[in-house]
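> Residue numbers (the UniProt record's numbering): 1 to 631. A virtual CB, placed ideally from N, CA and C, is assigned to each residue, including glycine.
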Amino acid sequence: MDTYADTYRRSLSDPEGFWLQAAESIDWVRSPARALDDSRAPFYRWFPDGVLNTCHNALDRHVATGRGEQCALIWDSAMTGAVSHVTYGQLLERVRRFAGALRDLGVAKGDRVVLYLPMIPEAVVAMLACARIGAVHSVVFGGFAAKELAARIDDARPTVIVAASCGLEPGRVVEYKPIVDEAVALSAHRPSRVVVLQRDRVTAPLGERDVDWDTVTARADPADCVPVAATDPLYVLYTSGTTGRPKGVVRDTGGHAVALQWSMANIYDIGPGDVFWTASDVGWVVGHSYIVYAPLLVGATTVLYEGKPVGTPDAGAFWRVIAEHRVKALFTAPTAFRAIKRADPEAAKLREHDVSSLRTLFLAGERLDPETYQWADQVLDIPVIDHWWQTETGWPVCANPRGLDPLPVKPGSPTVPMPGFEVHVLDQSGTPVPRGREGAICLALPMPPGTLPTLWSDAEGGDTERFHEAYLARFPGYYLTGDSGYIDEDGYVFVMGRTDDVINVAGHRLSTGSIEAVLAAHPDVAECAVVGVHDAMKGQVPRGFVVLKSGSGADGDTLRADLVAAVRAQIGPVAAFRDVDVVEALPKTRSGKILRKSMREIADTGQAQVPSTIEDPAVLDALRPTLHQRA
Numbered sequence: 001m002d003t004y005a006d007t008y009r010r011s012l013s014d015p016e017g018f019w020l021q022a023a024e025s026i027d028w029v030r031s032p033a034r035a036l037d038d039s040r041a042p043f044y045r046w047f048p049d050g051v052l053n054t055c056h057n058a059l060d061r062h063v064a065t066g067r068g069e070q071c072a073l074i075w076d077s078a079m080t081g082a083v084s085h086v087t088y089g090q091l092l093e094r095v096r097r098f099a100g101a102l103r104d105l106g107v108a109k110g111d112r113v114v115l116y117l118p119m120i121p122e123a124v125v126a127m128l129a130c131a132r133i134g135a136v137h138s139v140v141f142g143g144f145a146a147k148e149l150a151a152r153i154d155d156a157r158p159t160v161i162v163a164a165s166c167g168l169e170p171g172r173v174v175e176y177k178p179i180v181d182e183a184v185a186l187s188a189h190r191p192s193r194v195v196v197l198q199r200d201r202v203t204a205p206l207g208e209r210d211v212d213w214d215t216v217t218a219r220a221d222p223a224d225c226v227p228v229a230a231t232d233p234l235y236v237l238y239t240s241g242t243t244g245r246p247k248g249v250v251r252d253t254g255g256h257a258v259a260l261q262w263s264m265a266n267i268y269d270i271g272p273g274d275v276f277w278t279a280s281d282v283g284w285v286v287g288h289s290y291i292v293y294a295p296l297l298v299g300a301t302t303v304l305y306e307g308k309p310v311g312t313p314d315a316g317a318f319w320r321v322i323a324e325h326r327v328k329a330l331f332t333a334p335t336a337f338r339a340i341k342r343a344d345p346e347a348a349k350l351r352e353h354d355v356s357s358l359r360t361l362f363l364a365g366e367r368l369d370p371e372t373y374q375w376a377d378q379v380l381d382i383p384v385i386d387h388w389w390q391t392e393t394g395w396p397v398c399a400n401p402r403g404l405d406p407l408p409v410k411p412g413s414p415t416v417p418m419p420g421f422e423v424h425v426l427d428q429s430g431t432p433v434p435r436g437r438e439g440a441i442c443l444a445l446p447m448p449p450g451t452l453p454t455l456w457s458d459a460e461g462g463d464t465e466r467f468h469e470a471y472l473a474r475f476p477g478y479y480l481t482g483d484s485g486y487i488d489e490d491g492y493v494f495v496m497g498r499t500d501d502v503i504n505v506a507g508h509r510l511s512t513g514s515i516e517a518v519l520a521a522h523p524d525v526a527e528c529a530v531v532g533v534h535d536a537m538k539g540q541v542p543r544g545f546v547v548l549k550s551g552s553g554a555d556g557d558t559l560r561a562d563l564v565a566a567v568r569a570q571i572g573p574v575a576a577f578r579d580v581d582v583v584e585a586l587p588k589t590r591s592g593k594i595l596r597k598s599m600r601e602i603a604d605t606g607q608a609q610v611p612s613t614i615e616d617p618a619v620l621d622a623l624r625p626t627l628h629q630r631a
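Printed below as a string of structure tokens:
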């Protein structure tokens, strides 16, 4: 760990020197002389005197150095069967044209543009076009409900909305234009124009406010890059919520570019010409950071996949993409691999494809249970790297730095903190706890470049009051992650779940994640969830829900008895674990996170605040009788 340890230590002892050196990998219009502005602590700014343009760094500089013919983007649509390859030169020309179109529609530096697009190349073009002219984009997941889209329109107040006529899901076509029309009607703010990209499956009728993508692009003159301050916002991304005004996470321009450039080389071991596939969506932070910006900043080839891990057409979909495009590293969520494992537990589909190009599998987005780790490790026989971060941080807080100093893997741990992230585990009073003891995971301020400086507001400097209340007020001097876990004697961080998922059973604080790890180890269990529910005697008790692997012939009563016995043996009688149900599916967000909070609320009250990001409300509805009747 010497190389990692030295690097990490230097990032904390000399952040000014460390990050100014990292910033040398970025092209600046005016290079920063300072790294950190702490004059308004706890509201920090990185590279306060720097000026740059992110689109130039992602496209123009690569073309200028002779790599315009290299493939920048591979679009693979399992929904349509289409595959296309776009070079850096071609992508630059498309971005220049659409940036000119936005400019012609009145979008200027600092204006906001809401993007409501599926996983198609135009989504990448639109994001980079906004960055090119200094506009602030806010990507809303395609197919989001009109009410939620309206809330984001009212908060961001966009000059223009860019939408597709439709998105494609397995077995259905989702028409986007009626959703946009309803959202605009619901919102108090009115954008001046809605740009509509017509897809083959659906042609959307255009109203007075609407303009056609192809038409406005064809008549536009190409736009040059607009220099912006490093502290200017690049984008606003709204976190999912259940009530009230959504929280718009702001990503600044300079810190974001520097952090992502560093992470690609040192965490993911990806450089110019490598093929990197992040199987996520541009509506999530993972898609922003590691489908669009980071791969292009380092001159890699990024894969944009329109499809699912299973069902488009089968559990071999990921293996096909890796084989066809010679992917070097895959980054996806553990839930994707649980879905593949459930449908094809013996990985028979894997043997149909040559995936020898794949050197590393990266997993993040939710807790990686040891059973899923072991399965992926066994079937792929390559390093399987868990790492942990959030929408707010923008890049990994903890990881295994594959390009810097690969460390031994510990199943269940995202390994160690990355440069600039000083991780502490605190008790309820804010006191650091001893190694090995669980508590609230917090990050000492200042956090490194690339993390959120504030929440969105039209006011200069953002909504610092709301930012402070949401993240900084609970433990002064720290950012509250909302996750619980512990740090072991070797400095490895273990993230056990959200702090809401730590339950109190007769005075004993237990992580539901530790119980889930026991359930997931059973050979018939594909995935599971444990939630704490109210109990008159013990305060709370854990309830388990398991989904079986495809083809499992397990007897329900026997399985339940085995699982209860396993928890009793490995956690202890103190867990008071007696109830476990076999279910067809678990309710999840569209990014794959299990809705444990909603499940707990239904068990306790019969009602739940359901996040707008839920994948399939019918799954949660199907669980309601089981959840509530046992409460």
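Put Val505 into one of helix, strand or coil per three-state DSSP.
Note: Val505 maps to strand in three-state DSSP.
> If you follow the beta strand (DSSP E) that Tyr471 is in, where does it begin and where does it stop?
Careful: Tyr471 lies outside any beta strand (DSSP E) and carries neither H nor E.
> How should Asp60 be labelled, buried or exposed, when 16 other C-beta atoms within 10 angstroms of its C-beta is the threshold for buried?
Classification of Asp60: buried, given that the 10 Å Cβ count is 16 or more.
> If we ignore side chains and look at the alpha-carbon of each, how far apart do Glu182 and Asp155 end up?
Between Glu182 and Asp155, the C-alpha separation is close to 16 Å.
> Hey, how far is the Cα of Trp213 from the Cα of Ser77?
Distance between the alpha carbons of Trp213 and Ser77 is about 20 Å.
> For Gln261, which of Asp281, Trp284, Ala230 and Tyr293 has the nearest alpha-carbon?
Gln261 has its Cα closest to that of Tyr293, out of Asp281, Trp284, Ala230 and Tyr293.
> Going by Cα to Cα distance, which pick from Pro432, Val202 and Pro448 is closest to Leu36?
Checked all of Pro432, Val202 and Pro448; the closest Cα to Leu36 is Pro448.
> Taking the alpha helix (DSSP H) that residue 632 belongs to, which residues open and close that run?
As shown, the chain starts at 1 and ends at 631. That puts residue 632 outside it, with no answer to give.
> Run through DSSP, which three-state label would Arg97 get?
Arg97 falls in the helix class under three-state DSSP.
> Please report the distance separating the alpha-carbon of Val547 from that of Ser280.
If I take the Cα positions, the gap works out to 23 Å.
> Closest to Thr589 by CA distance: which of Glu422, Glu366 and Ser511 is it?
When each option's Cα is compared against that of Thr589, the closest is Glu366.
> Measure the alpha-carbon distance for Ala108 versus Asp427 and round it to whole angstroms.
If you take the alpha carbons of Ala108 and Asp427, they lie about 47 Å apart.
> Along the alpha helix (DSSP H) that carries Phe318, what are the first and last residues, could you check?
Residues Ala317 to His325.
> Answer yes if the stretch 553-573 comes into contact with the stretch 512-531, meaning at least three C-beta pairs across the two stretches below 8 Å, and no otherwise.
With the cut-off at 8 Å, the stretch 512-531 and the stretch 553-573 touch.
> Can you name the residues that DSSP bridges to Val228?
Per DSSP, Leu52.
> Output yes or no for whether 9 Å exceeds the beta carbon distance between Trp360 and Asp269.
Trp is not the amino acid found at residue 360; the sequence shown has Thr there. Contact: yes.
> Taking the alpha carbon of Leu623 as the reference point, which residue from Gly271, Asp38, Arg112 and Val582 has its own alpha carbon closest?
Taking only the C-alpha atoms, the option nearest Leu623 is Val582.
> Say whether the stretch 246-266 touches the stretch 61-72, bearing in mind that this needs 3 or more beta-carbon pairs closer than 8 Å, one atom from each stretch.
Because the criterion of three Cβ pairs below 8 Å is not met, the stretch 246-266 and the stretch 61-72 do not touch.
> When the distance is taken between beta carbons, is Val114 closer than 9 Å to Pro191?
Their beta carbons are under 9 Å apart, which means Pro191 touches Val114 by this criterion.
> Using a Cβ-Cβ cutoff of less than 6 Å, which residues in the same chain neighbour Ala339 once the five nearest sequence positions on both sides are dropped?
Taken in chain order, the residues that qualify are Pro309 and Val310.
> Between Gln607 and Val226, what straight-line distance do the alpha-carbon atoms span, to the nearest angstrom?
So the two alpha carbons sit approximately 50 Å from each other.
> CB-CB under 6 Å to Val619, same chain, minus the five flanking residues each way: which ones, in chain order?
Closer than 6 Å at Cβ, skipping near neighbours: Ala585 and Pro587.
> So is Ala123 buried or exposed if we call it buried at 16+ other beta carbons inside 10 Å?
Looking at its Cβ environment, which holds 16 or more other Cβ atoms inside 10 Å, Ala123 is buried.
> Provide the residue span of the alpha helix (DSSP H) that contains Trp375, from first to last.
Segment Pro370 to Leu380, the alpha helix (DSSP H) holding Trp375.
> Using DSSP with H/G/I as helix, E/B as strand and the rest coil, what is Pro295?
Correct three-state label for Pro295: helix.
> Where does Ser289 fall in DSSP's three states?
Three-state result, Ser289: helix.
> Which of the three DSSP states, helix, strand or coil, is assigned to Ile267?
Ile267 falls in the coil class under three-state DSSP.
> Would you list the one or two residues that DSSP bridges to Pro233?
DSSP lists Asp252 as partners of Pro233.
> Could you give the first and the last residue of the continuous beta strand (DSSP E) run that contains Val162?
Here the beta strand (DSSP E) through Val162 covers Val160 to Ala164.
> Considering just the uninterrupted stretch of the beta strand (DSSP E) at Pro542, what are its terminal residues?
Element bounds for Pro542: Gly539 to Leu548.
> Is Val51 closer than 9 Å to Trp28 when the C-beta atoms are compared?
Closer than 9 Å, so yes.
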